[in-house]
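Using our numbering, you'd call the opening residue of the sequence shown number 1 and step up by one each time.
Glycine included, each C-beta is placed from N, C-alpha and C at the ideal position.
Okay, structure first, notes after.
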Amino acid sequence: MGNLLFIVLGLILLIAGGNWLLKSAVALSLRLFIPKIVIGMTVVSFATSAPELIVSIKAALDGFPDLSLGNVVGSNIANLGLVLAITVILGSIDVRKSFYTTDWPVMIVASLMFCGFIYFDGELQRYEGIILVSFLFVFLVYLLRFQKTAVVDEMPEDDVPLPLYKIVLFLGIGGIALWGGSELLIDGAVGMASTFGVSDRVIGITIVSVGTSIPELAASVIAVLKKEKAISLGNLIGSNIFNLLAVLGITSIITPITVMDEGLLSKDIFWMLGISFLIFPLVFFPKGLRLGWRDGLVLLAFYATFIYMTIK
């Protein structure tokens, strides 16, 4: 029971900390007169990936690399199989042309790069992390130069200038909440894994990954209920790209990540690739460039099968 409480409290702190960090980062960018498109692609993306990043770095440094990897791989599967599924079941979304010209191809390349790096030697080395982060940098430069409408602002109400003391306060509180939340979440997850006799990987890929995907799920559901189509497939794919290139890239630069549980290499990365490839035909059939409730049910069934196969 104590472990579950740690996990819940940790997730609450991570979500709140990420939100405070986002508010302060956007406000600081506005004070520095950074263009909104740049804020959307860099500041907002990094801030919303902060929970995954902090948890992955902390888990890897504490000697729990499977929590670190499971968190990212599980989050990527949950973003498409759970968050996107629930979103399109509640209301269909139109898919932009940038899906097949930029977003999806880059996600597939990032996924294949990560799988290639880790599959053969079971380790994400420092130089491989540098390659992943460099690819992210090239991708961002490309977006800024050629794809100015690629990112949709999900929370325009947050784009307000704040006084400097509030920016510093939110940055400080957000940073502390993220650190505290990651401590509690990892302690609870490791404790739960040992209590139930399962590996860190299983806890990472189920409970921890769904927890760190809650902000995306909340934003998606709120956007659908408000009848705002701002939450797009592009945003979720962007989150997956950041998870692979920024979260795992930065984590492995700080400390190389070694796979402990072989299930990550023999099963999980293939589930991640599977759902990434599945999205492509769903976007075009039965209606072109549109995702509806039927597609949502297919994705949800895929995710439920994945969870069942992981914990059985």
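Going by C-alpha distance, which of Leu112, Thr102, Phe277, Gly172 is nearest Val141?
Within the sequence shown, residue 141 is the residue found at index 141, counting from 1. Closest by alpha carbon: Thr102.
Please report the straight-line C-alpha distance between Lys312 and Phe306, rounded to a whole angstrom.
Locating residue 312 in the sequence shown gives position 312, counting from the first residue. Locating residue 306 in the sequence shown gives position 306, counting from the first residue. Counting only the Cα atoms, Phe306 lies some 10 Å from Lys312.
Hey, how far is the Cα of Ile89 from the Cα of Leu297?
Within the sequence shown, numbered from 1, the residue matching residue 89 stands at position 89. Within the sequence shown, numbered from 1, the residue matching residue 297 stands at position 297. Using only the alpha carbons, I get a separation of about 7 Å.
Over the uninterrupted alpha helix (DSSP H) stretch that includes Arg294, give me the two end residues.
What you label residue 294 is simply residue 294 of the sequence shown in a count that begins at 1. Per DSSP, Arg294 is one residue of the alpha helix (DSSP H) stretching across 293-311.
Where do the ends of the alpha helix (DSSP H) carrying Glu183 lie?
Within the sequence shown, residue 183 is the residue found at index 183, counting from 1. Segment 164-196, the alpha helix (DSSP H) holding Glu183.
For Thr195 and Asp153, the rounded distance between their alpha carbons:
On the sequence shown, residue 153 is found 153 positions in, with the first residue counted as 1. On the sequence shown, residue 195 is found 195 positions in, with the first residue counted as 1. The pLDDT assigned to Asp153 is 48, lower than 50, so where the model puts this residue is not dependable, and the model offers no usable value.
Classification of Lys166 by the beta-carbon crowding that lies within 10 angstroms, buried from 16 upward
Here residue 166 refers to the residue found at position 166 when the sequence shown is read from its first residue. By the neighbour-count rule (16 or more Cβ atoms within 10 Å), Lys166 is not buried but exposed.
So what does DSSP say about Thr255, is it helix, strand or coil?
By one-based count along the sequence shown, residue 255 stands at place 255. Coil, per DSSP.
CB-CB length for Thr310 against Thr212, believed under 8 Å:
Here the question's residue 310 lines up with position 310 in the sequence shown. Here the question's residue 212 lines up with position 212 in the sequence shown. Wrong, their Cβ atoms sit about 17 Å apart, outside the cutoff.
How would you call Leu112, buried or exposed, if buried means at least 16 neighbouring beta carbons within 10 angstroms?
Taking the first residue of the sequence shown as 1, we reach residue 112 at position 112. Note on Leu112: under 16 other CB atoms within 10 angstroms of its CB, so exposed under the neighbour-count rule.
Drop a sphere of 10 angstroms on the beta-carbon of Trp104, count the other beta-carbons inside from all chains shown, and report buried for 16 or more, exposed for fewer.
By one-based count along the sequence shown, residue 104 stands at place 104. So Trp104 ends up on the buried side.
Tell me whether Ala59 is buried or exposed, calling it buried when 16 or more other Cβ atoms sit within 10 Å of its Cβ.
Position 59 of the sequence shown, counted from the start, is the residue given in the question as residue 59. With 16 or more other Cβ atoms within 10 Å, it is buried.
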